[in-house]
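Visitor: Per the working numbering, residue 174 is the first one in the sequence shown, and the count goes up by one each step. Cβ coordinates follow ideal geometry from the N, Cα and C atoms, glycine included. Note that the coordinates shown come from a computational prediction; the quantities given were computed from them, not determined experimentally.
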Amino acid sequence: MTKTKEKQLHLGVLLYGCGHHQAAWLMPDSSVERIGDISYYQDLAKLSEKGYFDAVFFADNQSFPGKHSSDMPAFWFDPIVNLTAISQVTNHVGLVSTISSTFSNPFTASRQLLSLDHITKGRVGWNLVTSMTDLEALNHSMEELPSHDKRYEKADEFAALMNKLFLSWDSNEFLHRREERKLINPSNIQPFNHDGTYFKVSGPSTTPKSPQGKPVSMQAGASKQGIALAAKYADAVYSVSWNLKQAKKFRKKLDEQVKQSEDSNRHIKVFPGLVTYVGHTHEEALAKKAALDEQLPLETALKQLSFFIQQDCSNWEIDKEVPQLPPVEEFTGPVGRYETILEIINDTQPTVRELLGYLNAGGGHHTLIGTPDEIVDQMEVWFEAGVADGFNLMPPTLPGSLEDFVELIVPEMQKRDIFRKKYEGHTFREHLGLI
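Spelled out as structure tokens, the structure:
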């Protein structure tokens, strides 16, 4: 698998706490003390840029219950504020913020994203979510989260309105002609008067469209409604796939939905989550995972599993097979993660303890353990199968696992000519080949 290819793999990294493994903060070399230090995130972004990543990405959660002594305050900074600070110490890497259509004001959200896109000369993307918990709703004058269908109905209108705001006028209409005493061309800066079910916005935006046209649109929902939303609005999607079979199933669902959309021939890029443990030898890589797994308290792992499957599993017998779970059709929580857990169970027939081991970092995303050669072999399989245009890296520890990836895996990808050796363009759209 070393032949030269014109097609290039893309890479994003999801920056979360001090790593995606739940025990990352317990390790002796943990960066947990820096969770509230902006220079920490700036350093991680600079490291990502050193590795020629397409983008750094922040998820978001708009609540912090803080009920347990092991609860990670990972969402310390608002993503857009964090990315703005990061933008000042980087020059190329894309900057992706999560935006919740359930809670956000579209005029404000679009204005913030456009502002950062102008500041960075076109490096911004946004990940549209509908949020997951009632705890978040309680922080936004709601008694509970709206139903799944209502959230996606609102998200559809939100996405359409964001596009209207992103493109409401062009910076070319800012004339600033002193001799003619003309600042703007008002005939091309007009209200669009959106009057929908959830939003009423006159427009236009205070900010003209960005150097890359508009910020790159990402989406992460795996439900039927989520895939339909992505088919209408997304340039790229984040996905959860435990194995190649699940990745193929997701790609097929997305492609079928795109065929039913107005632009039936377009290709939406797919970025499955990827967890890597890399070493100079296979044994060294296994030891890195084992060291983390040994640190994780059982009750913490069971708490995460309970959230993923929306039922209390704290009393499950740890060394017996996982009890029968309801089919995905009966599940009302986050579908993508639940489907992944069902796939792991079907694939491996694990005990509860073994299932927890698979979920410790990344919660069931594709996990690769081994040498750079072994890991890139498997990445190429997904790439060649057309189920991954790239990957969204979820490092078990930060900065350690990201350093390992940049120092060991990126050179192997470059050697095979499936990854850039330098940035060819400046905007996020140029990185992704969307222009």
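For F280, name the three-state secondary structure that DSSP assigns.
Guide: If DSSP states are grouped into helix, strand and coil, F280 belongs with the helices.
Visitor: Quick check on the DSSP output: the alpha helix (DSSP H) that includes V254 runs from which residue to which?
Guide: Looking at the DSSP string, the run of the alpha helix (DSSP H) that includes V254 is 252-260.
Visitor: For the region 364-371 against the region 434-447, do three or more pairs of beta-carbon atoms, one drawn from each stretch, fall closer than 8 angstroms, so that the two count as touching?
Guide: The region 364-371, when compared against the region 434-447, does not touch it at the 8 angstroms Cβ threshold.
Visitor: With a cut-off of 8 angstroms, do at least 3 Cβ pairs link the region 181-200 to the region 550-567?
Guide: Yes, since at least three Cβ pairs between the region 181-200 and the region 550-567 fall closer than 8 angstroms, the two stretches touch.
Visitor: Which residues in the same chain as Q587 place their Cβ atom closer than 7 angstroms to its Cβ, once the five residues preceding and following it in sequence are excluded?
Guide: Excluding residues within five positions, the ones whose Cβ falls inside 7 angstroms are K594.
Visitor: Among L469, E309, L515, L529, which one has its Cα closest to the Cα of E490?
Guide: That would be L529, whose Cα lies nearest to the Cα of E490.
Visitor: Excluding sequence positions up to five away, which residues of its chain have a Cβ less than 6 angstroms from the Cβ of G394?
Guide: So no residue of the chain qualifies.
Visitor: For M335, count the other beta carbons within 10 Å of its own beta carbon; 16 or more makes it buried, fewer makes it exposed. Which is it?
Guide: It is buried - the Cβ of M335 has at least 16 other Cβ atoms within 10 Å.
Visitor: Could you give the uninterrupted runs of the alpha helix (DSSP H) lying entirely in the region 176-247, keeping only those of 4 residues or more?
Guide: Entirely contained in the region 176-247, the alpha helix (DSSP H) runs reaching 4 residues are, in chain order, 211-223.
Visitor: Exposed or buried, which one is L356 when buried takes at least 16 other CB atoms within 10 Å?
Guide: Exposed is the call here.
Visitor: Just verifying my parser: in three-state terms, what is the DSSP assignment at N565?
Guide: N565 falls in the strand class under three-state DSSP.
Visitor: Given this structure, state the Cα-to-Cα distance separating G192 from L532, to the nearest angstrom.
Guide: Going by the C-alpha atoms only, they are around 14 angstroms apart.
Visitor: Hey, is the region 447-460 in contact with the region 567-580, meaning 3+ C-beta pairs nearer than 8 angstroms?
Guide: As far as the Cβ criterion goes, the region 447-460 touches the region 567-580, which means the pair count is three or higher.
Visitor: Do A474 and Y406 have their beta-carbon atoms positioned less than 8 angstroms apart in this structure?
Guide: No. Outside cutoff.
Visitor: Can L465 and M245 be called in contact, C-beta distance under 8 angstroms?
Guide: Contact: no.
Visitor: Specify, as a first and last residue, the run of the alpha helix (DSSP H) that S574 falls within.
Guide: It spans 573-577 - the alpha helix (DSSP H) in which S574 sits, taken as one unbroken run.
Visitor: Alpha carbon to alpha carbon, what distance is there between K493 and T600?
Guide: C-alpha separation (whole angstroms): 51 angstroms.
Visitor: At a cut of 8 angstroms, does the region 297-316 reach the region 266-280 through at least three beta carbon pairs?
Guide: Output reads yes: the region 266-280 touches the region 297-316.
Visitor: Which residue comes first and which comes last in the beta strand (DSSP E) that contains H539?
Guide: Segment 539-543, the beta strand (DSSP E) holding H539.
Visitor: Less than 8 angstroms between the CB atoms is what I'm expecting for V297 and P381, so what's the real figure, rounded?
Guide: Not really, about 14 angstroms apart at Cβ, beyond 8 angstroms.
Visitor: If you follow the alpha helix (DSSP H) that S479 is part of, which residue opens it and which one closes it?
Guide: That run of the alpha helix (DSSP H) goes 471-482.
Visitor: What's the gap between the Cα of I591 and the Cα of G224?
Guide: Distance between the alpha carbons of I591 and G224 is about 14 angstroms.
Visitor: Taking its Cβ as the centre, do 16 or more other Cβ atoms sit within 10 Å of K476, making it buried, or is it exposed?
Guide: Buried, since its Cβ has 16 or more Cβ neighbours within 10 Å.
Visitor: Would V262 and Q215 qualify as a contact pair, given that the criterion is a beta-carbon distance under 8 angstroms?
Guide: A contact, by the Cβ cut-off of 8 angstroms.
Visitor: By alpha-carbon positions, which one of F556, K327, F230, S320 ends up nearest to N278?
Guide: Closest option to N278, Cα to Cα, is K327.
Visitor: Please report the straight-line C-alpha distance between L459 and S341, rounded to a whole angstrom.
Guide: The straight-line gap from Cα to Cα measures roughly 52 angstroms.
Visitor: Among L188, P496, E547, which one has its Cα closest to the Cα of E457?
Guide: Comparing Cα positions, the closest option is E547.
Visitor: Counting along the chain, where does the beta strand (DSSP E) carrying N300 start and finish?
Guide: It spans 297-302 - the beta strand (DSSP E) in which N300 sits, taken as one unbroken run.
Visitor: Ordered along the chain, which non-local residues of its own chain (more than five positions away) have a Cβ less than 7 angstroms from that of Q195?
Guide: L469, T473, A474, Q477, N533, listed in sequence order.
Visitor: Relative to the C-alpha of N264, which residue among Q433, I292, S242, L287 is closest?
Guide: It is I292.
Visitor: Check each candidate in K294, E352, V413 and name the one with the smallest Cα separation from H538.
Guide: Measuring from the Cα of H538, the nearest candidate turns out to be V413.
Visitor: Are there 16 or more other CB atoms within 10 angstroms of the CB of M552, so buried, or fewer, so exposed?
Guide: The residue in question, M552, is buried, as its Cβ has 16 or more Cβ neighbours within 10 Å.
Visitor: Quick check: the region 397-406 against the region 430-440, are at least 3 beta-carbon pairs closer than 8 angstroms?
Guide: Contact holds: three or more Cβ-Cβ distances are below 8 angstroms.
Visitor: How is the beta strand (DSSP E) around Q468 delimited, first residue to last?
Guide: It is not in any beta strand (DSSP E) - Q468 instead sits in the alpha helix (DSSP H) that spans 455-468.
Visitor: Hey, out of V549, A247, H241, whose CA is closest to G209's CA?
Guide: Ranking the options by Cα distance to G209, first place goes to A247.
Visitor: So what does G267 bridge to, in DSSP terms?
Guide: DSSP lists A228 as partners of G267.
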